[in-house]
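In this text, residue positions in the sequence shown follow numbering that gives the first Met the number 0: the first is 0, and each later residue adds one. Built from N, CA and C at the ideal position, the CB exists for glycine as well. Predicted model, so just to flag it, every value in this text is computed and none were measured. The structure appears right after this line, and notes come after that.
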Amino acid sequence: MESINKGLIFEEIGKQLDISPTMYKLAVERYTAVAEYLEENDLKAHFYPQGSFRLGTVTRPIRNGIESDYDIDLVCQILVDKNNTSPSTIKNTVGNLLRKNKRYKKILDEEGRRCWTLIYAEKDGIGFHLDILPSIRESIEIIESLIKEYNLAPRYAESAIAITNKNKIDNLYNWESSNPNGYGLWFDEINKSFYDLVEKSTRKQIYENNRDIFASIDDVPPQLIRTPLQRVIQILKRHRDLRFNGHKLEDDKPISMIITTLVSQIAKNENCLTTDIFVLLKFIALKLAQYAILLSNIEISQQQYAVIKRDIYTGKWYISNPVNPAENFADRWHENDNRKAKAFFQWVNWVYLDLIQNMDKPGFDINSLKNVLGNNVVEKANAKYQSLLLQHHNDCMQSSSLSTVNITSPGKPWG
0 MESINKGLIF EEIGKQLDIS PTMYKLAVER YTAVAEYLEE NDLKAHFYPQ
50 GSFRLGTVTR PIRNGIESDY DIDLVCQILV DKNNTSPSTI KNTVGNLLRK
100 NKRYKKILDE EGRRCWTLIY AEKDGIGFHL DILPSIRESI EIIESLIKEY
150 NLAPRYAESA IAITNKNKID NLYNWESSNP NGYGLWFDEI NKSFYDLVEK
200 STRKQIYENN RDIFASIDDV PPQLIRTPLQ RVIQILKRHR DLRFNGHKLE
250 DDKPISMIIT TLVSQIAKNE NCLTTDIFVL LKFIALKLAQ YAILLSNIEI
300 SQQQYAVIKR DIYTGKWYIS NPVNPAENFA DRWHENDNRK AKAFFQWVNW
350 VYLDLIQNMD KPGFDINSLK NVLGNNVVEK ANAKYQSLLL QHHNDCMQSS
400 SLSTVNITSP GKPWG
């Protein structure tokens, strides 16, 4: 029986979860058009992507068990001093300009807590939402406190921004601190070693499959090149979405920022550089599972490089934002008898059972992944995987026939 290339299977699954080069190009064109419109209307600002689109971990989301539109996040950092404006002014400056445009007004959703959202029509059955985040540069005082009090590297701290938050109860606005650019830089530094391993071969592959989009290999943007680290994060996010769909713990499922941060921290702290997605996924899953003991034994959290910590006196959980140590991603994990923590470790156990143990057992059937990664995703990935196996087999056969040499009149060995 031919052995299964688990890493290749997950590579193809990751591609199915990802935004296609065509959709990526369309998304860039659309958020560039929005940025140009706002600038043409005298809004002095910097525009840049954030979130999974920025990190290269885009995964088509699942809502109510159905694949939904992609979410693209765009930061609109207005060039105004924080002391000379207010959060309501910043938020509504962007909103009012979008309403002035006939096209954007039609697709503008109701005001969100932090963002303005443009809902674009589907193209080839796939749509996306563009979440525009009004913001300004964070105050010098807060940036300096990040550097001095929290010992945050200046290269991260200096890109901190202040975003607006609209309270649902009283509709009043306040500032909140964020740092998507700093987080992106932190992630890039960890991802670079993986990127260097796969950049050349992946860029060539993307070009070969999208010659109608790119004129040359060099035209393929680095933002489309996916590393094993990025693929692992994509697969884990999709598994999370489907495993918690309709489950009693659905409201407590781990947020994407926690998944991305923990996976990246482990990759940073451990020697796990590899091109094999399955090998990396298995390593990450086993490392995360070790922290389940914190539910009953808090002392172990004090070990060096612990990516999940728990206070031995209060029982509170800590997963620090790597570019804003004052922010704790797990600040609510202790509530309701550690319900969110229990949901997280339940999910880690599911990851091991569904994606590791399942694939390691004899007689593994790729169709068993459909329930936890998506029927269409797995079917398309399997079809591509089988096609690659057939192509490899044919290449080997052709190479074997070319290397065969027929000698019709052999010379005497002694001359």
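task: Buried or exposed for residue 203, please, with buried defined as at least 16 other CB atoms from any protein chain shown within 10 angstroms of its CB.
output: Of the other Cβ atoms in all chains shown, fewer than 16 fall within 10 Å of the Cβ of residue 203; this residue is therefore exposed.
message: With H, G and I counted as helix, E and B as strand and the rest as coil, what does DSSP make of residue 353?
response: Helix at residue 353.
field: Closest Cα partner of residue 179 within the set 165, 170, 256, 124
entry: Ranking 165, 170, 256, 124 by Cα distance to residue 179 puts 256 first.
field: Contacting residues, own chain, Cβ-Cβ under 6 Å from residue 182 (five flanking each side not counted)
entry: Taking C-beta separations shorter than 6 Å and ignoring five residues to either side along the sequence, the partners of residue 182 in its chain run 322, following chain order.
field: Paired residues, beta bridge with residue 117 - DSSP
entry: For residue 117, the beta-bridge partners assigned by DSSP are 107, 129.
message: Check this for me: beta carbons of residue 346 and residue 252, under 9 Å apart or not?
response: Cβ distance < 9 Å, so residue 346 and residue 252 count as in contact.
- prompt: Buried or exposed: residue 2, going by 16 or more other Cβ atoms within 10 Å of its Cβ?
  reply: Here residue 2 is exposed. Its C-beta has fewer than 16 other C-beta atoms within 10 Å.
field: For residue 170, the three-state DSSP class (helix, strand or coil)
entry: Coil at residue 170, not helix or strand.
message: Taking 8 Å as the cut-off, does the segment 208–226 touch the segment 330–346 (at least 3 CB pairs, one atom from each stretch)?
response: Taking 8 Å as the limit for Cβ pairs, the verdict is that the segment 208–226 does not touch the segment 330–346.
field: Bridge partners - residue 46, DSSP secondary structure assignment
entry: The partner list for residue 46 (beta bridge, DSSP) reads 75.
- request: State the Cα-Cα distance for the pair residue 239 and residue 341, rounded to the nearest angstrom.
  value: In a straight line, the C-alpha of residue 239 is about 14 Å away from that of residue 341.
field: Enclosing beta strand (DSSP E) for residue 165 [first to last residue]
entry: It spans 160–165 - the beta strand (DSSP E) in which residue 165 sits, taken as one unbroken run.
query: How would you label residue 112, buried or exposed, when you count the other beta carbons within 10 angstroms and need 16 or more for buried?
result: The residue in question, residue 112, is exposed, as its Cβ has fewer than 16 Cβ neighbours within 10 Å.
- request: Specify, as a first and last residue, the run of the beta strand (DSSP E) that residue 152 falls within.
  value: Where residue 152 is concerned, there is no enclosing beta strand (DSSP E), given that its DSSP letter is neither H nor E.
- prompt: Rounded C-beta distance between residue 259 and residue 318? I'm assuming under 8 Å.
  reply: 11 Å between Cβ atoms; not a contact.
query: Which residues in the same chain as residue 412 place their Cβ atom closer than 6 Å to its Cβ, once the five residues preceding and following it in sequence are excluded?
result: With a pLDDT of 38 at residue 412, under the threshold of 50, the modelled position of that residue is not reliable, and no figure is offered here.
field: Span of the alpha helix (DSSP H) around residue 323
entry: No alpha helix (DSSP H) holds residue 323; the beta strand (DSSP E) holding it covers 323–327.
field: Closest Cα partner of residue 128 within the set 206, 119, 134
entry: The shortest C-alpha separation from residue 128 is found at 119.
- prompt: Given that a residue counts as buried once 16 or more other Cβ atoms are within 10 Å of its Cβ, and exposed if not, what is residue 195?
  reply: With fewer than 16 other Cβ atoms within 10 Å, it is exposed.
message: Rounded to the nearest angstrom, what separates residue 189 and residue 209 at their Cα positions?
response: Within the model, the alpha-carbon separation for residue 189 versus residue 209 is close to 28 Å.
query: Thinking C-beta only, is residue 5 closer than 9 Å to residue 276?
result: Contact flag set, yes.
field: N- and C-terminal bounds of the alpha helix (DSSP H) containing residue 331
entry: Careful: residue 331 lies outside any alpha helix (DSSP H) and carries neither H nor E.
query: When we look at the beta-carbon of residue 211 and count the other beta-carbons within 10 Å, is it buried (16 or more) or exposed?
result: Exposed is the call here.
task: Could you have a look at residue 263 and say whether DSSP puts it in helix, strand or coil?
output: For residue 263, the secondary structure class from DSSP, reduced to helix, strand or coil, is helix.
- prompt: Under the DSSP definition of a beta bridge, which residues are partnered with residue 308?
  reply: Residue pairing by DSSP puts residue 308 in a beta bridge opposite 317.
field: Cβ-Cβ separation, residue 162 to residue 153 (assumed contact under 8 Å), whole Å
entry: Their Cβ separation, rounded to whole angstroms, is 21 Å, which puts residue 153 and residue 162 out of contact at 8 Å.
task: Could you check which residue in 214, 72, 32, 343 has the C-alpha nearest to that of residue 242?
output: From the listed residues 214, 72, 32, 343, the smallest Cα separation to residue 242 is found for 343.
- prompt: Between the beta-carbon of residue 76 and the beta-carbon of residue 47, is there less than 9 Å?
  reply: For the 9 Å CB-CB criterion, residue 76 and residue 47 form a contact.
task: Flag this pair as yes or no: are the beta carbons of residue 137 and residue 160 separated by less than 9 Å?
output: The answer is yes: Cβ separation under 9 Å.
- prompt: From residue 279 to residue 272, what distance separates their C-alpha atoms?
  reply: Cα-Cα distance, rounded: 8 Å.
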